[in-house]
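Notes follow once the structure below has been shown.
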Amino acid sequence: MKPYNPLEIEPRLQKVWAASGQDCVDEESDKPRRYVLEMFPYPSGDIHMGHVRNYTIGDVMARYAKMCGFNVLHPMGWDAFGLPAENAAIKNHTHPAKWTYENIAKQKASFQRMGFSYDWDRTVVACDPEYYRWGQWIFLKLWERGLVERRNSPVNWCPDCATVLANEQVIEGKCWRCASPVEKRDLTQWYFKITDYADELLDDLEQLKGWPERVKQQQANWIGRSEGASVDFVLVPSEKISQVGEGFCGASDGLDDEAKCTSLHEPKSESADEVPQKPETVITVFTTRADTLFGCTFFVLAPEYPGIHELVHGTPYEEEVMALVEASKQVSAVERAQGNHEKHGAFTGRYVINPINGEQVPVWVADYVVADYGTGAVMAVPCGDQRDFEFARKYHLPIVPIILPEDDPLYPQLKDEQNRVVTEVDWEAAYAAEGILVQSGPYTGLVGGKHSPGEEAVVKALEEMGRGHRTVEFRLRDWLISRQRYWGNPIPAIHCPTCGVVPVPEEDLPVLLPENIDLAAGETLATHEEFAKCTCPVCGGPARRETDTMDTFTCSSWYYMRYTDPHNDRAPFDSAKANAWMPVDQYIGGIEHAILHLLYSRFFTKVLRDMGMLDFDEPFENLLCQGMVKDEHGETMSKSKGNVIAPEDMIAEYGADAVRAYILFMAPPDKDLLWSEDGLAGLYKFLNRLWRQIYDLAGQAEDDTLFQAGRKPADAQATQKALLRQRHRVVGKVTDDFARNNFNTAIAAIMELSNTTGDYLRANSAESRAANEDLRAFDAEIAETLVKLMAPIAPHWADELWQSVLGRDGSVHEQPWPTWDPELAKADEVELAVQVNGKVKARIMVDAEAAEEDVRAQALEAVSQAIEGKEVRKAIVVPGRLVNIVVG
RNA sequence: GCCCGGGUGGCGGAAUGGCAGACGCGUCGGUCUCAAAAACCGAUACCGAAAGGCGUGUGGGUUCAAGUCCCACCCCGGGUACCA
């Protein structure tokens, strides 16, 4: 017997596999296709345990699918644009491409050392012009479809990375990459209009039956659809204000007053059949709680609301209001994110008219209103909204109860009250839940709340008077894709002084990144004259190239399509090929991409579908988000913390197969994992033990140590029978576990089969087995089954045994998955627990096919002492499990 | 605050409403050995000498039977956050 020596076997077989091309796709095959994909890595250099886990899970799935008879596409590539390469290049006075390609080579070697079965002929590298030219092409197509916009707005700016960031890349007010506090800046940037797809991106989450609930939930929250209404409030002209400073005031006929337009909004257009009026200034709000409109006692604008200065200019309120506007600019995103929510506000001296009842309400500016959600203005209903409530308390604004639960002490008094009789409450918090409307004119008595009859009635009334309508707001913002960095995909646009911003013509793609750039000396694309200077493709005049590059997430939004046709030089991919392979049957990656990459990819897929290039709606049919690998204290591993575990040392000691098996065995794939090396040796021992058993079953164990080690006399035939049963049971169990991604219990089941094999080998000498033809065949079948079951998990171990010990032709990875017979998995006799009132009192052996009556009788007999003198009320027989005898 | 997960031996973790703790690690005992390692065998939730009792975050409930279902609550992790 050759001892198990993974360090010799693994590199040798890796070469054999590479030479055989067995992991490459055969496009001609008529087998059903299956696309198994792991998220491609950033080429950061060394691989870590997170990679090992992610790619081991994917490899097991791919190898298993292949054994199940699928034509499997299992590619790998690199998400190769991005800041770390650029930063490293600056530090080391080298070029990002050099750093990147060196790291790719290193990672590729590590992946090969792990025995991952990738089709290396299909590798996609995002910084390769052959790939990124098609990213530019897609950009132009989005532009054609009106999904690209260049506009000025407040954006997230990371001072350390010296670039802007998308909303999704700001984590708790900090940069997702370097954790620097993010600043707000007003800049002109490029956007993908992902919000055009907001509804579909939300609604189609329901189709994704194979996605984890938590990921769908996160995306739904991020998209954040709110159904409500927009309501128009008319600004009272300054000269019409009669009761300055009193805050909330009683009914007014402001609507009929002559009003002058201020600079806040476009004048509201009046319908033709009305008497022409002077234009009025309208401020629109978005609300999900139009039912509470009668409780609106003030009105609030965000500090960034346009035109605030004009509103207060030259009034006694100007100083205070503008001070607040300035102060709120200084509050960083980090401070906001940390929940420092002390509200600050200032009165503008102005009033608006509440359309539902004509009341004048004072207009405030306050920092608790978000400028870029809804309209940046809100109607404040302190009795029904906690934020408004807190603000009202702080600034002594009235809190009028207009919605109550029926058990409120005020309810009996107000339940039929249409007019306002109570204008102040002593509540400790707002009442935001569903309730009954009171003091609300004709709506009194209706149920109020989100999507309530009261809300519907009020919106209907607003629509009839032309002061509001149903509308939907999203939390999702357009995707800011421009980056002021070199190492990315250049945006194919040209700025012409005469023609404006024009697209680079398709035939001029790719816009190549210049290689001769000295980043360390501070050179950027913008200062690189050779790159920036160009001629306008429309007028031929001198022009300048766009010098921003695209967010790296644009590269990862379609790479999985490219894998289906990676060498196409006429299109990003051939539609027929993409449609044949996609959607991806099984996608595997980290939960950290729950929103970012997975949302952007869904968006790209829908756009390409609308372009007629794809015939499906969603890119990833099944998604497995593997849990994070953390250190023993539960901390995430990172270079900065110095707690990164490198797999190389473990591979050098135990081999890749043991590392693969161990990381699968430690926990279910979707759970976080606290890394500990304690059990790794155990898995290595298991591979060794099983290795010896295979030799023994193959009749090649030179000494009969396993038999000799047996101490307990056992019935040799009984152990064989038990092993046959176990073999069928375990194949069924492992097959089932693989289907549900329960790799840890699959391995446990194989261990059980190995344990039963041990019992058998101890009870049957090698000599006696060799002498019996039936046993020789039986042994060979058991060995074959064990090797095949282990093949996806420990591919080198299995292939070595398959070819060298079992003497089979070809690779085990080309073999069919073992089948099983449920009939043979059944036991003849089963042990049942006998309970009395739910407590186990005895055990009985019964024939597996025994009639219920016989089982009951045997059970009663077994516990006759325990139930003596008691009345047996019931005896419940659960076949194959237990008998529960209920006594009084 | 809201939305997801999750709480089971010394540890990682198993359990379609049906014997809680599969499988492994660790520990203890044993075989082999001059000895040790390796290998192999056995034990191992807790309390108790035993009979037995008691056990899946807490408190209730449904059920012949609850880790699993229902109600209330506590704790931990993740996401999100003045989103009107």
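Just so you know, we're using the working numbering here: the first sequence kicks off at 96 and counts up by one.
Think of the CB as a built atom: it goes at the ideal place given N, C-alpha and C, for glycine as much as any other residue.
Going along the chain, which residues of its own chain have a beta-carbon closer than 7 angstroms to the beta-carbon of residue i, five neighbours each way excluded?
i	result
Asp299	Asp712 and Glu713
Ala983	The identity of residue 983 in the sequence shown is Gly, whereas the question assumes Ala. Result list for Gly983: Lys965, Glu966 and Arg968, in chain order.
Trp173	Phe135, Pro136, Pro138, Ile199, Val220 and Ala221
Pro254	Ser275 and Glu278
Tyr400	Ala466, Gly471 and Ala472
Asn738	Asp726, Glu730 and Met732
Ala552	Tyr538 and Leu541
In whole angstroms, give me the CA-to-CA distance for residue i and residue j.
i	j	result
Ser670	Phe442	60 angstroms
Gly975	Asp854	24 angstroms
Ala621	Pro138	26 angstroms
Asp664	Lys672	14 angstroms
Arg320	Leu505	34 angstroms
Trp194	Ala184	7 angstroms
Val943	Gln898	In the sequence on display, residue 943 carries Ala and not Val. The alpha-carbon atoms of Ala943 and Gln898 are separated by roughly 40 angstroms.
Arg309	Ile939	45 angstroms
Trp912	Phe715	25 angstroms
Val1001	Arg951	This structure cannot speak to residue 1001, because the chain is shown only from 96 to 983.
Asp832	Met706	40 angstroms
Glu322	Ser423	29 angstroms
His190	Pro179	12 angstroms
Glu301	Thr700	16 angstroms
Glu105	Ala627	51 angstroms
Ala293	Phe234	19 angstroms
Asn979	His823	30 angstroms
Phe570	Lys489	According to the sequence displayed, residue 570 carries Arg and not Phe. Those two C-alpha atoms are separated by around 28 angstroms.
Gly933	Ala970	11 angstroms
Arg704	Trp582	29 angstroms
Trp285	Leu237	12 angstroms
Asp916	Leu819	11 angstroms
Glu529	Leu769	44 angstroms
Ser205	Glu122	27 angstroms
Asp125	Ser115	20 angstroms
I believe residue i touches residue j by the beta-carbon criterion, under 8 angstroms. Please report the beta-carbon distance rounded to the nearest angstrom.
i	j	result
Ile690	Trp317	5 angstroms
Ile494	Ile531	With a Cβ gap of about 18 angstroms, Ile494 and Ile531 do not count as contacting.
Leu102	Gly684	At roughly 30 angstroms, the Cβ-Cβ gap does not stay under 8 angstroms, so Leu102 and Gly684 are not in contact.
Val900	Tyr790	6 angstroms
Thr644	Arg578	5 angstroms
Met708	Met677	Met708 to Met677, Cβ: 11 angstroms. No contact.
Ile152	Gln202	No, Ile152 and Gln202 are not in contact; Cβ-Cβ is about 17 angstroms, not under 8 angstroms.
Ala588	Glu624	18 angstroms between Cβ atoms; not a contact.
Leaving out five residues before and five after residue i in sequence, what residues of the same chain have Cβ atoms less than 6 angstroms from its Cβ?
i	result
Val825	Ala844 and Leu848
Pro887	Val155, Arg158 and Tyr159
Val395	Trp459, Ala461, Val464, Val473 and Ala475
Leu282	Val250
Within a Cβ cutoff of 8 angstroms, which residues of the same chain sit near residue i, ignoring the five residues on either side of it in sequence?
i	result
Gly794	Ala861, Arg864, Ala865, Arg871 and Asp874
Asp765	Pro307, Leu719, Cys720, Gln721, Gly722 and Asn836
Ala675	Arg128 and Thr659
Gly349	Reliability fails at Gly349, whose pLDDT of 35 lies under 50, so the model's placement of it is uncertain and no value is given.
Gln947	The identity of residue 947 in the sequence shown is Glu, whereas the question assumes Gln. Answer for Glu947: Val972 and Pro974, listed in chain order.
Do residue i and the ligand COA come close, with the Cβ less than 7 angstroms from some heavy atom?
i	result
Pro254	With respect to the ligand COA, the structure shown offers nothing to examine, as it has no ligands at all.
Does the segment 158 to 169 touch the segment 223 to 232, meaning 3 or more C-beta pairs lie closer than 8 angstroms? Using a C-beta cut-off of 8 angstroms, the segment 223 to 232 makes no contact with the segment 158 to 169, since fewer than three inter-stretch Cβ pairs fall below that distance.
Mind listing, in chain order, the continuous beta strand (DSSP E) runs of no fewer than 3 residues lying wholly within the segment 577 to 623? Segments of the beta strand (DSSP E) lying fully in the segment 577 to 623: 588 to 591 and 595 to 598.
Restricting to runs no shorter than 4 residues, where is the alpha helix (DSSP H) found entirely within the segment 466 to 521? Under the rule that a run must span 4 or more residues, the alpha helix (DSSP H) segments found entirely inside the segment 466 to 521 read 481 to 490 and 506 to 509.
Touch test, the segment 243 to 260 against the segment 911 to 923, Cβ-Cβ under 8 angstroms, three pairs minimum: no
Please specify which runs of the beta strand (DSSP E), each continuous and at least 3 residues long, are wholly inside the segment 98 to 146, giving them in chain order. 128 to 133
Would you check if the segment 375 to 388 and the segment 471 to 481 touch, i.e. whether three or more CB-CB distances between them fall below 8 angstroms? By the C-beta criterion, the segment 471 to 481 is judged to be in contact with the segment 375 to 388, since at least 3 inter-stretch pairs fall below 8 angstroms.
Mind the definition here: the segment 553 to 569 touches the segment 445 to 455 only if three or more C-beta pairs lie below 8 angstroms; say whether that holds. yes
Segments assigned alpha helix (DSSP H), at least 4 residues, entirely inside the segment 165 to 189: Contiguous alpha helix (DSSP H) elements confined to the segment 165 to 189 occur at 178 to 187, taking only those with 4 or more residues.
Counting pairs of beta carbons, one from the segment 590 to 600 and one from the segment 630 to 637, are three or more of them closer than 8 angstroms? yes
What are the start and end residues of each continuous alpha helix (DSSP H) run of 4 or more residues lying completely inside the segment 710 to 791, in chain order? Counting only runs of 4+ residues, the alpha helix (DSSP H) found wholly inside the segment 710 to 791 occupies 742 to 749 and 751 to 761, in chain order.
In chain order, which beta strand (DSSP E) runs of at least 3 residues are fully inside the segment 250 to 311? 258 to 260 and 278 to 287
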